[in-house]
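Enquirer: First the structure, which I've put down as structure tokens, then a few questions once you've had a look.
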Amino acid sequence: MQIRRWQLHLVVLAAYVLFALVLTWPVAGQLDAQVPGNGADDPPLTWNLWWVQDALLRQGANPFDSDYLFYPLGINLAFYTLTVLNGLLSIPLQAIGGLVPASNLVLLSSFILSGYGAFLLSAYVLSKGRGRVRGSPTRKLGSLLPSFGAGLLYA
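To convert a position in the sequence shown, counted from 1, into the numbering used here, add 124.
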């Protein structure tokens with residue numbers, strides 16, 4: 125039985141999910157308990173998720189302007205590390221489970237998707253034959269095993 129391309133990608137993605145869960149185990153077991161981190165960057169990143177959702181859905185405001193910071197003057201968040209894409213992706217998660225689980229799921233998915241993205245990129249580059257050395261392991265094993273390793277390394 126030959127494995128289909130989509131099945132291979134599903135197995136690789138499942139492996140990255142498993143690795144992300146194992147390597148961040150306390151988070152995966154307690155999604156609603158707390159946001160992991162040392163208290164420096166994690167509270168502002170969680171606030172970003174809340175602010176994008178609150179500005180767009182509750183206030184109908186521009187998420188790049190806020191008077192919650194530097195009150196009462198406010199601040200333009202265009203040059204702030206506002207994670208708008210993560211905020212938009214977390215809106216359904218916040219509606220279902222709340223802010224802390226949404227923040228943890230966004231964190232876990234970043235590891236999974238960055239590993240899978242590195243796998244896809246390295247598989248593409250190695251499949252083109254550039255950079256291959258005659259007799260190298262990539263010739264014998266194909267480009268998938270080294271690509272999987274690249275995803276593990278860069279996730």
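From the three backbone atoms N, C-alpha and C, an ideal C-beta is built for every residue, glycine too.
(1) Rank W174, W149, P270 by C-alpha distance to the C-alpha of I215 and give the top, closest one.
(2) Quick one: Cα of F188 to Cα of V176, how far?
(3) What residue from L237, I236, N228, S238 has the CA that sits closest to L155's CA?
(4) Look up S190 in the DSSP assignment and say whether it is helix, strand or coil.
(5) Whole angstroms are fine: how far does the CA of G222 sit from the CA of V135?
(6) With DSSP run on the structure shown, which of helix, strand or coil describes N349?
Expert: From the atom records:
(1) W174
(2) 9 angstroms
(3) N228
(4) strand
(5) 30 angstroms
(6) Because residue 349 is not part of the residues shown, which for the chain are 125 to 279, the question remains open.
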